[in-house]
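According to this note's numbering, the sequence shown is numbered sequentially starting from 151.
Since the structure comes first, as structure tokens, the remarks are kept for the end.
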Amino acid sequence: MDVRLVTRTGVEQHPVEALGALLAKVGADGSADGLDGAGEAGFVWVDIPSCEASSELALREVFGFHHRAVQDCAERNRVPKTHSYADHVFVVLHSPEKGEGGHVHYIELDQFVGRHFLVTVHGPLNPAVPPEAALRETRAVLSRMESGRLRPATPFDLSHAIVLALAASQESFVEALTADVWSLEQRVIGGHFAEPEDFLDELFRARHGLLAARTISALNKEIYARLGSRTWALPPEARPLIAEVVEEFEQVRGLADVQREYLQGVIEFYRTRIETKMTIAAERLAVIAAITLPITALSSVFGMNLIVNERTRSWQLAIVLVLMLAVSATLLRWARRRGWW
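So, in structure tokens, the structure goes:
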């Protein structure tokens, strides 16, 4: 658990033991400034990389959060959610992370945004996901704060910066998949693909990634749109920030949707090419069967009667051979006139 005090001049690191005193300090100072949380003492930012037992205790005892919200931080949430309380809001968001074989991991970020504090909790991770992936956005925002490029005045300002970084990561995820889509499209147009089964697997995995990104962005947007409608739970300064987050997630959703539709067109084009090739091959096999079938039938009927060990009737054999050639030539000419050969 990382405890930081964010002021107008910068960010300060503090020990965990000082958390209670810091909350009392910013609460007493911020109360004179209304609900904007921008008192001279600043506000507290607590970042929890993993919600362990000690972290759960701090969330319940020090902050007094609802036990179900604390349970949501400790357990994996399969869908985003938001709850509003008297002095803070609770938000669960997801972000996509590319895994092995086209699998998409869901990275969870939980937030408690209050008047004088922001608590960010990184949800349980799949063992296949490196811990750095979950901390990417919060570390990027912290780096901006330490360098002086970002000076959040309220917890909602800081939450806004973190969520925008999350949306930017989702956009980068879609952009990486777009590069894969372009590569697949070039292979389809150029005809440079190997086994159809393996290539179709690549196409469908790329589509799955875009669908996952679209779903995550749409759900995140829905959560923030719902939060923005609860004006009683938000200070006036936070409402434009919430609206901007909604627009960002909508933009990412739109990008993923467009690329998914484009990839679906590539898949249809590829399947049409494959089906056309199979149809042509089937027609040629049918022509071959039609030409060889009369020969097989005639030879099976006359073979044992014309070619024998004791005596072979040459003139009868010649007639049958000419008949077989004539039938085959007639069928071949008919197939050509039909455009099958």
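The beta carbon of each residue, even a glycine, is placed where N, CA and C say it ideally should be.
In summary, residue 382 is exposed, with fewer than 16 beta-carbon neighbours lying within 10 Å of its beta-carbon over all protein chains present. Within the segment 323 to 390, the runs of alpha helix (DSSP H) that reach at least 4 residues and sit entirely inside it are, in chain order, 346 to 378. Residues 252 and 254 of the same chain have their beta carbon placed closer than 8 Å to that of residue 358, with the five preceding and five following residues left out of the count. Judged by pairs of C-beta atoms under 8 Å, the segment 339 to 348 does not touch the segment 391 to 408, as fewer than three such pairs exist.
Under the three-state reduction of DSSP output, residue 434 falls in the helix class. When secondary structure is reduced to three states using DSSP, residue 256 falls in the strand class. Here residue 213 has no same chain residue with a Cβ atom under 6 Å from its own Cβ, once five neighbours each way along the sequence are excluded. Closest in alpha carbon position to residue 291, among 195, 347 and 469, is 195.
Counted as a single uninterrupted DSSP element, the stretch harbouring residue 301 is not any alpha helix (DSSP H), since DSSP gives it neither H nor E.
Between the segment 368 to 385 and the segment 216 to 233, the count of Cβ pairs shorter than 8 Å is three or higher; the stretches touch. Within the segment 184 to 268, complete beta strand (DSSP E) segments of at least 3 residues are found at 193 to 198, 231 to 234, 238 to 248 and 254 to 264, given in chain order. If you draw a straight line from the Cα of residue 421 to the Cα of residue 350, it comes to about 9 Å. Counting along the chain, residue 153 sits inside the beta strand (DSSP E) bounded by residues 152 to 156.
Around the beta carbon of residue 426, fewer than 16 other beta carbons lie within 10 angstroms, which makes this residue exposed. Within the same chain, Cβ atoms closer than 6 Å to the Cβ of residue 274 are found at 226, the five residues on either side in sequence being excluded. Its chain contains 234 as the residues whose beta carbon lies nearer than 6 Å to that of residue 380, once the 5 sequence neighbours on both sides are disregarded; these appear in chain order. Beta-carbon to beta-carbon, residue 417 and residue 346 are separated by about 12 Å, too far to satisfy the 8 Å threshold. Annotated as proximal: residue 260 and residue 242, with beta-carbon spacing under 7 Å.
For residue 151 and residue 281, the gap between their C-alpha atoms comes out near 14 Å. Residue nearest to residue 224 within the set 354, 236, 203 and 240 is 203 (criterion: CA-CA distance). If the five residues before and after residue 300 are omitted, its C-beta is found closer than 7 Å to the C-beta atoms of 291, 294 and 311, all from its own chain and listed in chain order. Bounds of the beta strand (DSSP E) holding residue 162 are 161 to 164.
In this structure, residue 362 sits near residue 246, with a CB-CB distance shorter than 7 Å. The three-state secondary structure of residue 271, taken from DSSP, is strand. Burial of residue 305 is indicated by the presence of at least 16 other C-beta atoms within 10 angstroms of its C-beta. Here the C-alpha atom of residue 327 lies approximately 9 Å from the C-alpha atom of residue 409. Secondary structure at residue 311: helix, using DSSP grouped into helix, strand and coil. In the displayed model, residue 290 falls within a helix according to three-state DSSP. In the same chain as residue 166, and ignoring 5 residues on each side of it, the C-beta atoms closer than 7 Å to its own belong to 151 and 153, in chain order. Considering only 473, 438, 317 and 415, the residue with the shortest C-alpha distance to residue 286 is 317.
With a beta-carbon spacing of about 6 Å, residue 402 and residue 324 fall inside the 8 Å limit used to define contacts. Nearest neighbour of residue 356 by Cα position, chosen from 376, 479 and 415, turns out to be 415.
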